[in-house]
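17 is the number of the first residue of the sequence shown in the working numbering; add one for each residue after it.
All residues carry an ideal CB built from backbone N, CA and C; glycine is no exception.
Computed from a prediction, not measured in an experiment: that's the story for all the values here.
Working notes for the structure below.
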Amino acid sequence: MDAAAGTAAALPEAWSQVRAPVIVPLLRLAVAVCLTMSVLLFLERMYMAVVIAGVRLLRLRPERRYRCDPIPEDDPELGSEAFPSVLVQIPMFNEREVYQLSIGAVCGLSWPSDRLVVQVLDDSTDEVIKEMVRLECERWARKGINITYQIRDDRKGYKAGALKAGMKHAYVRACEYVAIFDADFQPDPDFLKRTIPYLVHNPEIALVQARWRFVNADECLMTRMQEMSLDYHFTVEQEVSSSVCAFFGFNGTAGVWRISAVNEAGGWKDRTTVEDMDLAIRASLKGWKFVYLGDVQVKSELPSTFKAFRFQQHRWSCGPANLFRKMLMEIVTNKKVTIWKKIHVIYNFFLIRKIVAHIITFSFYCLVIPATIFVPEVRIPKWGCVYIPCAITLLNSVGTPRSFHLLFFWVAFENVMSLHRTKATLIGLLEAGRANEWVVTAKLGSAMKMKSSNKAGLKKQFMRIWERLHITELGVGTFLFSCGWYDLAYGRDHFYIYLFFQSIAFFIIGFGYVGTIVPQS
Numbered sequence: 017m018d019a020a021a022g023t024a025a026a027l028p029e030a031w032s033q034v035r036a037p038v039i040v041p042l043l044r045l046a047v048a049v050c051l052t053m054s055v056l057l058f059l060e061r062m063y064m065a066v067v068i069a070g071v072r073l074l075r076l077r078p079e080r081r082y083r084c085d086p087i088p089e090d091d092p093e094l095g096s097e098a099f100p101s102v103l104v105q106i107p108m109f110n111e112r113e114v115y116q117l118s119i120g121a122v123c124g125l126s127w128p129s130d131r132l133v134v135q136v137l138d139d140s141t142d143e144v145i146k147e148m149v150r151l152e153c154e155r156w157a158r159k160g161i162n163i164t165y166q167i168r169d170d171r172k173g174y175k176a177g178a179l180k181a182g183m184k185h186a187y188v189r190a191c192e193y194v195a196i197f198d199a200d201f202q203p204d205p206d207f208l209k210r211t212i213p214y215l216v217h218n219p220e221i222a223l224v225q226a227r228w229r230f231v232n233a234d235e236c237l238m239t240r241m242q243e244m245s246l247d248y249h250f251t252v253e254q255e256v257s258s259s260v261c262a263f264f265g266f267n268g269t270a271g272v273w274r275i276s277a278v279n280e281a282g283g284w285k286d287r288t289t290v291e292d293m294d295l296a297i298r299a300s301l302k303g304w305k306f307v308y309l310g311d312v313q314v315k316s317e318l319p320s321t322f323k324a325f326r327f328q329q330h331r332w333s334c335g336p337a338n339l340f341r342k343m344l345m346e347i348v349t350n351k352k353v354t355i356w357k358k359i360h361v362i363y364n365f366f367l368i369r370k371i372v373a374h375i376i377t378f379s380f381y382c383l384v385i386p387a388t389i390f391v392p393e394v395r396i397p398k399w400g401c402v403y404i405p406c407a408i409t410l411l412n413s414v415g416t417p418r419s420f421h422l423l424f425f426w427v428a429f430e431n432v433m434s435l436h437r438t439k440a441t442l443i444g445l446l447e448a449g450r451a452n453e454w455v456v457t458a459k460l461g462s463a464m465k466m467k468s469s470n471k472a473g474l475k476k477q478f479m480r481i482w483e484r485l486h487i488t489e490l491g492v493g494t495f496l497f498s499c500g501w502y503d504l505a506y507g508r509d510h511f512y513i514y515l516f517f518q519s520i521a522f523f524i525i526g527f528g529y530v531g532t533i534v535p536q537s
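Here it is in structure tokens:
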């Protein structure tokens, strides 16, 4: 007991000895670094706001910058030969709930049947699902659709490997363009007629990217939060990049590629978990241009379970950071593109949007600001902890005006997810153990509607509490909650208002009360 009491009495003295020479300088350095990153992120957001305002005011729509005349459908001499041959690829993996939606939508595309090849690339490991998908393909084949069902012996390369294998078939050589749709995407019948003309009339364009439209955005609060983030990505980031330098990251689906550009860029590679971004950058370095069509929207599904969303965010955060590590020198030494495009790709696209945006959110708002509460010598200027964050938040809200009233919840949710994004970004930069981890984002389709109609009901099918616990989120929430109480008792800057609000968000997610809870069978 005496030894324990002596140790406890020595802790304050040890803290006072370390605090001034070590803790204070390190914390001041951390604050300075975070403030610098915040300013860089704010300037990036302001730059995009100015550009998107200019695009809107000057009406610099894609159809005014590129020729996109419709392909003539009534040419008596050429007939269907006036239309180029198009390959449509649908990669899928155990997509029991949604495979019929994507296959049906693609087979319903308005395009001459003799100029369209549909390729279902099934990497499913569930034999029952594989048989279901095969039978669906046969059903459409009997209706006159040129559809093929392709499987592989293994899942080497995951999605990139499946797409690459699909391009090796002899019949693909007759196709000029390839459209790609993930298993939960449902293009409208006129999708090809609205996108292919940009490729036909503009030989310098390699990619036409459409916007995603979310069919389940209103399913739960978590899907609304995702809609806000992704709407900003499409409404602002993709539009700005397309308008300024004809480059942006391919979203992996709902896009059409010129096959010759894909081949020139080296085809699909599986060195990272963002094979789509990898191909886009390599094609851009070859001098190809991209165009984004915000008016062409493709229905898709947002992950509505927290587990699926977390895995998706790990892949989307880790992959770009890992790709940046692998391609930095290749971008710097490239001779075919301008210095402006290099700066855009390295600074705007990678450094600010894919690295700084993730790291600053968690490190500053969940670590550094709470830590300053215990070290009053370190002060954070009000512009750095209030004005700039508020400005960035407001600029992010322009993509989804209907959800403006949810901004506070969106901020809290994004701060929680920044924990996983920061971890994934560092794993990608350091190429650590999970750098190439690929987990397919689970889609529920209409499964929840079917399961909620049974007699037991969702409310009576509780998951065990320990299966829903997220220890890391609970730990961070406890830290922020403790900091809030300390600030309430001894602080001067009223950070406790934010800390309590943010800690509650961590606790809610930590206890698993976020997203759709799928009943256990």
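Selection from the options that minimises the alpha carbon distance to residue i
{"i": "PRO100", "options": "LEU73, SER129, ILE106", "result": "SER129"}
{"i": "LEU490", "options": "TYR512, ARG229, ALA521", "result": "ALA521"}
{"i": "LEU485", "options": "GLY526, GLN242, TYR514", "result": "GLY526"}
{"i": "LYS538", "options": "ARG369, GLN329, LEU125", "result": "An answer regarding residue 538 cannot be provided, because it is not within the stretch 17 to 537 covered by the chain."}
{"i": "ASP142", "options": "LEU74, LEU76, TRP304, ILE167", "result": "ILE167"}
{"i": "ILE161", "options": "VAL144, GLY182, VAL134, LEU151", "result": "VAL134"}
{"i": "SER316", "options": "VAL290, PHE366, PHE230, TYR363", "result": "PHE230"}
{"i": "ALA324", "options": "GLY528, GLY70, PRO92", "result": "GLY528"}
{"i": "VAL66", "options": "ASP85, MET53, TYR403, VAL256", "result": "VAL256"}
{"i": "LEU309", "options": "CYS261, PHE250, TRP356, ILE355", "result": "PHE250"}
{"i": "LYS49", "options": "TYR381, THR409, ALA233", "result": "According to the sequence provided, residue 49 is Val. The question's Lys does not apply to it. Measuring from the Cα of VAL49, the nearest candidate turns out to be TYR381."}
{"i": "VAL252", "options": "LEU51, VAL40, ASN412, LEU57", "result": "ASN412"}
{"i": "ASP138", "options": "ALA407, GLU111, LEU367", "result": "GLU111"}
{"i": "MET244", "options": "ALA157, ILE39, PRO78, LEU423", "result": "LEU423"}
{"i": "PRO219", "options": "TYR174, GLU192, ALA157, ARG80", "result": "GLU192"}
{"i": "PRO41", "options": "VAL194, PRO392, PHE378, ALA262", "result": "PRO392"}
{"i": "TRP127", "options": "LEU73, CYS153, ASP204, GLY182", "result": "ASP204"}
{"i": "THR532", "options": "CYS236, ILE408, ARG171", "result": "CYS236"}
{"i": "ALA113", "options": "ALA157, GLY335, SER140", "result": "Here residue 113 turns out to be Glu, not Ala, going by the sequence shown. Of the listed residues, the one whose Cα sits closest to GLU113 is SER140."}
{"i": "VAL188", "options": "TYR512, VAL216, ARG131, GLU152", "result": "ARG131"}
{"i": "GLY303", "options": "ASP234, TRP356, ARG508", "result": "TRP356"}
{"i": "HIS185", "options": "ILE196, VAL34, ASP170, TYR165", "result": "TYR165"}
{"i": "ASP85", "options": "TYR502, GLY400, MET433, VAL216", "result": "VAL216"}
{"i": "TYR174", "options": "PRO78, CYS406, GLU93, ARG331", "result": "ARG331"}
Pair within 9 Å by beta-carbon distance, residue i and residue j
{"i": "TYR214", "j": "TYR63", "result": "no"}
{"i": "GLY538", "j": "ASN338", "result": "As displayed, the chain neither begins before 17 nor continues past 537, which places residue 538 out of reach and without an answer."}
{"i": "ALA222", "j": "ALA277", "result": "yes"}
{"i": "LYS358", "j": "THR288", "result": "no"}
{"i": "LYS320", "j": "ALA440", "result": "For the sequence presented, residue 320 should be read as Ser rather than Lys. No, they are not a contact pair."}
{"i": "ARG227", "j": "ASP311", "result": "yes"}
{"i": "GLN518", "j": "ALA428", "result": "yes"}
{"i": "PHE306", "j": "PHE366", "result": "no"}
{"i": "PRO386", "j": "LEU515", "result": "yes"}
{"i": "LEU318", "j": "GLN225", "result": "no"}
{"i": "ILE119", "j": "VAL136", "result": "yes"}
{"i": "VAL55", "j": "ILE404", "result": "yes"}
{"i": "VAL530", "j": "MET238", "result": "yes"}
{"i": "TYR115", "j": "ILE145", "result": "yes"}
{"i": "CYS499", "j": "ILE389", "result": "yes"}
{"i": "ASP286", "j": "LYS172", "result": "yes"}
{"i": "VAL194", "j": "ILE275", "result": "yes"}
{"i": "LEU43", "j": "VAL384", "result": "yes"}
{"i": "ASN431", "j": "THR377", "result": "yes"}
{"i": "PHE201", "j": "VAL314", "result": "yes"}
{"i": "GLY335", "j": "LEU51", "result": "no"}
{"i": "LEU57", "j": "ILE513", "result": "no"}
Integer-rounded CB distance, given that residue j should sit under 8 Å from residue i
{"i": "ILE212", "j": "VAL272", "result": "6 Å"}
{"i": "THR416", "j": "GLN328", "result": "That belief does not hold up - the Cβ atoms of THR416 and GLN328 are roughly 19 Å apart, past 8 Å."}
{"i": "LEU179", "j": "GLN105", "result": "6 Å"}
{"i": "GLU291", "j": "ALA176", "result": "4 Å"}
{"i": "THR438", "j": "ILE487", "result": "About 17 Å separates the two Cβ atoms, so there is no contact after all."}
{"i": "VAL361", "j": "LEU435", "result": "At roughly 27 Å, the Cβ-Cβ gap does not stay under 8 Å, so VAL361 and LEU435 are not in contact."}
{"i": "ILE524", "j": "ARG61", "result": "27 Å between Cβ atoms; not a contact."}
{"i": "PHE322", "j": "LYS370", "result": "Not quite, the Cβ-Cβ distance comes to about 23 Å (not below 8 Å), so this is no contact."}
{"i": "ALA98", "j": "ILE87", "result": "6 Å"}
{"i": "SER259", "j": "VAL71", "result": "5 Å"}
CB contact check: residue i to chain D, cutoff 9 Å
{"i": "GLY303", "result": "Any reference to chain D falls outside this structure, which holds one protein chain only."}
Contained alpha helix (DSSP H) runs [length at least 4] in the region 338-420, N- to C-terminal order: Entirely contained in the region 338-420, the alpha helix (DSSP H) runs reaching 4 residues are, in chain order, 355-359, 373-378, 385-388, 404-412.
Mind pulling the alpha helix (DSSP H) runs of 4 or more residues that sit fully within the region 487-513? Listed in chain order, they are 487-506.
Within the chosen definition, does the region 279-288 reach the region 296-315 through at least 3 CB pairs nearer than 8 Å? When C-beta atoms of the region 279-288 are compared with those of the region 296-315, three or more pairs fall below 8 Å, so the two segments count as touching.
Pick out the complete alpha helix (DSSP H) segments inside the region 140-196, 4 residues or longer, and give them in chain order. Counting whole runs of 4 or more residues, the region 140-196 contains the alpha helix (DSSP H) stretches 143-158, 174-182.
Could you tell me which uninterrupted beta strand (DSSP E) segments, each at least 3 residues in length, are contained entirely in the region 232-302, listed from first to last along the chain? Whole beta strand (DSSP E) segments, 3+ residues: 271-274.
Segments assigned alpha helix (DSSP H), at least 4 residues, entirely inside the region 44-89: Runs of the alpha helix (DSSP H) inside the region 44-89: 78-81.
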